[in-house]
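Q: Below you will find the structure I want to go over with you.
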């Protein structure tokens with residue numbers, strides 16, 4: 001509607017009254033003037049360099065947009081990684097609610113990855129398994145990507161909501177999106193570029209907790225890796241891996257009320273390759289990430305920064321929120 | 001215990017998606033019963049459901065090009081899974097442009113129904129979406145509560161009017177009262193009535209037709225004008241009607257006066273039975 005009625009727009013800064021003045025010259029001689037108050041603030045400059053990231057993916061935003069379509073709109077985080085056969089895999093990331101586990105790092109939120117896909121973290125089975133969330137996975141062939149420079153097994157987890165936001169922006173401008181990333185815990189840089197603008201969206205990624213010697217990685221390493229290709233093998237193989245009989249046996253012999261409360265600990269996930277870049281721990285990350293403001297641990301480990309565009313885009317993406325800054329005491 | 005099925009026909013997929021959407025509207029959590037010939041979506045008449053029960057049945061060969069199952073044992077060749085209905089309908093929704101859809105029972109740290117979709121993509125590469133729907137395997141000793149409900153001997157059986165019309169009327173009535181009286185007679189007349197202190201509203205449907213009576217007994221002495229009625233919770237009726245996106249091929253209502261109302265629908269090759277008990 002703005003385009004139809006506004007002929008000219010004049011933006012100026014009135015230093016005396018500390019106002020940003022936006023004047024819209026509309027049809028029929030109508031002039032709308034908005035005086036917006038502003039506040040000086042310190043803007044944090046994140047220091048990042050896509051060139052130091054070992055892995056790059058590039059694809060039209062539309063392809064990536066289609067890839068995230070199957071995920072529930074409410075899903076907060078997604079894990080993206082490279083699977084066997086150079087396929088790019090996106091999987092919904094569910095926080096596992098362990099005892100007192102809060103979001104993310106260091107407590108049960110393990111983003112393991114094996115050659116076939118992300119491993120589910122070890123989980124204390126809740127009594128009602130229907131309450132658990134559905135897990136969705138999307139697998140795209142490497143041929144859909146304009147550039148795919150990443151090794152199999154690498155994976156990162158980041159905020160899906162932000163990702164969707166920047167995808168819709170990039171798609172509306174018909175651009176390709178480049179994703180520069182390293183390992184879990186390192187920031188991932190989503191870049192778009194055209195003649196008018198150059199945008200870098202930096203998202204934090206979930207880092208891996210300390211490896212637990214008694215966790216699933218042990219048994220998995222010992223297990224020979226069956227080749228679980230994503231859904232293209234003949235069906236016969238699938239049954240061998242998905243056999244639910246051992247579960248049923250345990251259930252039938254449980255004394256008392258319906259079902260068993262604990263599953264047998266047999267892990268049937270066929271993963272093999274341990275996740276890449278065993279990963280910097282979150283604590284150390286804080287000091288090295290230049291964007292951290294000392295004294296303000298964010299409630300979540302995710303921070304997203306949006307800056308770097310040469311020209312302000314016509315539609316601002318819904319995603320990235322302003323840089324976290326230290327709370328000013330008193331009125332701010 | 002094994003289950004695996006494959007669906008390749010677009011029309012079958014649409015049909016199956018419609019069924020799962022309907023189930024998702026009728027019951028938040030339901031039981032999926034898998035047997036060699038059929039799939040059933042079951043809701044048993046527990047207090048938690050408000051006494052409502054549902055039995056939806058479809059012949060697997062009308063949908064799946066491949067279907068293999070192995071039940072708990074040879075004598076009990078069935079699988080009963082409890083799941084959140086919305087998960088299945090959401091998974092199927094992503095399969096709109098699918099080349100093929102596979103469903104199988106898996107165990108990924110906990111039992112899942114894995115729905116795997118091969119998407120048609122513009123580019124040469126294949127795209128695969130997989131959904132792992134968590135399920136709870138229901139032990140054999142609870143199966144007796146999940147059997148096909150016996151159809152009660154109805155006082156009146158009548159064909160239903162267009163469900164959309166019924167739904168819009170019941171929707172408006174819900175604003176006035178939660179207590180609805182549904183009554184019908186053997187003369188093809190059905191009434192929906194609400195009564196409050198201030199107002200009484202009745203909607204009359206005529207010329208609906210009655211299915212032929214199964215038993216010859218009592219049919220002669222029954223006055224065909226006499227209404228058999230049941231008092232029910234209007235919200236349950238509305239939930240049932242809201243689940244019917246498409247008008248069924250055949251829709252019958254059986255009333256056991258003051259006890260229960262039984263809806264028997266046939267959507268092409270899927271049958272749905274829905275029981276709403278009388279308000280106590």
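Protein chains in written order, with full-length UniProt numbering: chain A, 1 to 332; chain B, 1 to 280.
Beta carbons are placed, not taken as given, at the ideal position from N, Cα and C, and that holds for glycine.
Check distances from the C-beta atoms of the region 61–89 of chain B to those of chain A and list, in chain order, the residues that come in under 7 Å.
A: Answer in chain order: 72, 82, 83, 84, 87.
Q: If you follow the beta strand (DSSP E) that residue 264 of chain B is part of, which residue opens it and which one closes it?
A: Unbroken beta strand (DSSP E) run through residue 264 of chain B: 260–267.
Q: Tell me whether the region 195–205 of chain B and the region 165–180 of chain B touch, counting them as touching only if at least three CB pairs, one residue from each stretch, are closer than 8 Å.
A: Touching, yes.
Q: Please classify residue 20 of chain B as buried or exposed, where buried requires at least 16 other C-beta atoms within 10 Å of its C-beta.
A: By the neighbour-count rule (16 or more Cβ atoms within 10 Å), residue 20 of chain B is buried.
Q: Give the single residue among A:194, A:190, A:159 whose Cα lies nearest to the Cα of residue 175 of chain A.
A: The shortest C-alpha separation from residue 175 of chain A is found at A:194.
Q: Within the region 61–96 of chain A, note down every full alpha helix (DSSP H) run reaching 4 residues or more, in order along the chain.
A: Taking only runs of at least 4 residues, the alpha helix (DSSP H) segments lying wholly in the region 61–96 of chain A are 61–68.
Q: Between which residues of its own chain and residue 99 of chain A is the CB-CB distance below 6 Å, once the five residues before and five after are set aside?
A: Unreliable positioning characterises residue 99 of chain A in this predicted model, as indicated by a pLDDT of 35, which lies under 50. The coordinate reading is nonetheless provided below. If we look at residue 99 of chain A and ignore the five residues flanking it on each side, it has no Cβ neighbours.
Q: Less than 8 Å between the C-beta atoms of residue 137 of chain A and residue 89 of chain A, yes or no?
A: Yes, these two residues count as a Cβ contact at 8 Å.
Q: What three-state label does DSSP hand residue 38 of chain A in the structure shown?
A: In this structure, residue 38 of chain A counts as coil in the three-state DSSP scheme.
Q: Quick check on residue 19 of chain A - is its C-beta less than 8 Å from some C-beta in chain B?
A: It does not; no Cβ of chain B falls within 8 Å.
Q: Compare the C-beta of residue 78 of chain A against all C-beta atoms of chain B and say whether one is closer than 8 Å.
A: No - not a single Cβ of chain B is within 8 Å of the one on residue 78 of chain A.
Q: In angstroms, rounded to a whole number, what distance separates the CA positions of residue 163 of chain A and residue 156 of chain A?
A: Rounded to whole angstroms, residue 163 of chain A to residue 156 of chain A spans 13 Å at the Cα level.
Q: Taking beta-carbon pairs under 8 Å, can you tell me which members of the region 143–157 of chain A lie near chain B?
A: Per Cβ criterion, the list reads 143, 144.
Q: Put residue 203 of chain B into one of helix, strand or coil per three-state DSSP.
A: Strand, per DSSP.
Q: How about the region 139–151 of chain B and the region 78–89 of chain A: do they share at least three Cβ pairs that are nearer than 8 Å?
A: Cβ pair count under 8 Å is below three, so no.
Q: At what residues does the beta strand (DSSP E) containing residue 273 of chain B begin and finish?
A: Where residue 273 of chain B is concerned, the enclosing beta strand (DSSP E) stretches over 270–277.
Q: Look up residue 4 of chain A in the DSSP assignment and say whether it is helix, strand or coil.
A: Residue 4 of chain A: helix per DSSP, three-state reduction.
Q: If you count every other CB in all the chains shown that lies within 10 Å of the CB of residue 20 of chain A, and 16 or more means buried, which is it?
A: It is exposed - the Cβ of residue 20 of chain A has fewer than 16 other Cβ atoms within 10 Å.
Q: What would DSSP say about residue 70 of chain B, mapped onto helix, strand or coil?
A: Looking at residue 70 of chain B - three-state DSSP - the assignment turns out to be strand.
Q: Which residues of the region 126–137 of chain B have a Cβ closer than 9 Å to any Cβ of chain A? Give them in chain order.
A: Within the region 126–137 of chain B, the qualifying residues are 126, 127, 128, 129, 130, 131, 132, 133, 134, 135, 136, 137.
Q: Take residue 190 of chain B as the anchor and find which of B:196, B:181, B:197 has the nearest alpha-carbon.
A: Nearest option by C-alpha distance: B:181.
Q: Around the C-beta of residue 74 of chain A, are 16 or more other C-beta atoms found within 10 angstroms, so that it is buried, or is it exposed?
A: Its Cβ having fewer than 16 others within 10 Å, residue 74 of chain A is exposed.
Q: Please classify residue 3 of chain B: does DSSP put it in a helix, a strand, or coil?
A: Reduced to three states, the DSSP call for residue 3 of chain B is strand.
Q: Please classify residue 149 of chain A: does DSSP put it in a helix, a strand, or coil?
A: Of the three classes helix, strand and coil, the one that applies to residue 149 of chain A here is strand, per DSSP.
Q: Could you give the C-beta distance for residue 276 of chain B and residue 52 of chain B, rounded to a whole number, given that I count them as a contact under 8 Å?
A: That belief holds up - the Cβ atoms of residue 276 of chain B and residue 52 of chain B are roughly 6 Å apart, short of 8 Å.
Q: Can you tell which of B:177, B:172, B:159 has its C-alpha closest to the C-alpha of residue 183 of chain B?
A: The residue with the shortest Cα to Cα distance from residue 183 of chain B is B:159.
Q: Please confirm if the region 249–266 of chain B is in contact with the region 36–44 of chain B, defined as three or more CB-CB distances below 8 Å between the two stretches.
A: The region 249–266 of chain B is not in contact with the region 36–44 of chain B.
Q: If you follow the alpha helix (DSSP H) that residue 91 of chain B is in, where does it begin and where does it stop?
A: Residue 91 of chain B -> alpha helix (DSSP H) spans 85–93.
Q: Counting only beta-carbon separations shorter than 8 Å, does residue 68 of chain A have a partner in chain B?
A: Taking Cβ atoms only, chain B never reaches closer than 8 Å to residue 68 of chain A, which makes this a no.
Q: Are the C-beta of residue 37 of chain B and some C-beta of chain A separated by less than 8 Å?
A: Judged by the 8 Å Cβ criterion, residue 37 of chain B is not in contact with chain A.
Q: Residue 199 of chain A bridges to which residues according to DSSP?
A: Its beta-bridge partners are A:192.
Q: Whole angstroms are fine: how far does the CA of residue 33 of chain A sit from the CA of residue 135 of chain B?
A: Their backbone Cα atoms lie some 59 Å apart in a straight line.
Q: Which word fits residue 14 of chain A, buried or exposed, when buried means at least 16 other C-beta atoms lie within 10 angstroms of its C-beta?
A: By the 10 Å Cβ count, residue 14 of chain A comes out exposed.
Q: Could you give the distance in angstroms between the alpha-carbon of residue 196 of chain B and the alpha-carbon of residue 25 of chain B?
A: Their backbone Cα atoms lie some 29 Å apart in a straight line.
Q: Around the C-beta of residue 224 of chain B, are 16 or more other C-beta atoms found within 10 angstroms, so that it is buried, or is it exposed?
A: By the neighbour-count rule (16 or more Cβ atoms within 10 Å), residue 224 of chain B is not buried but exposed.
Q: Name, please, each residue of chain B whose Cβ falls closer than 8 Å to the Cβ of residue 132 of chain A.
A: Simply 110, 134.
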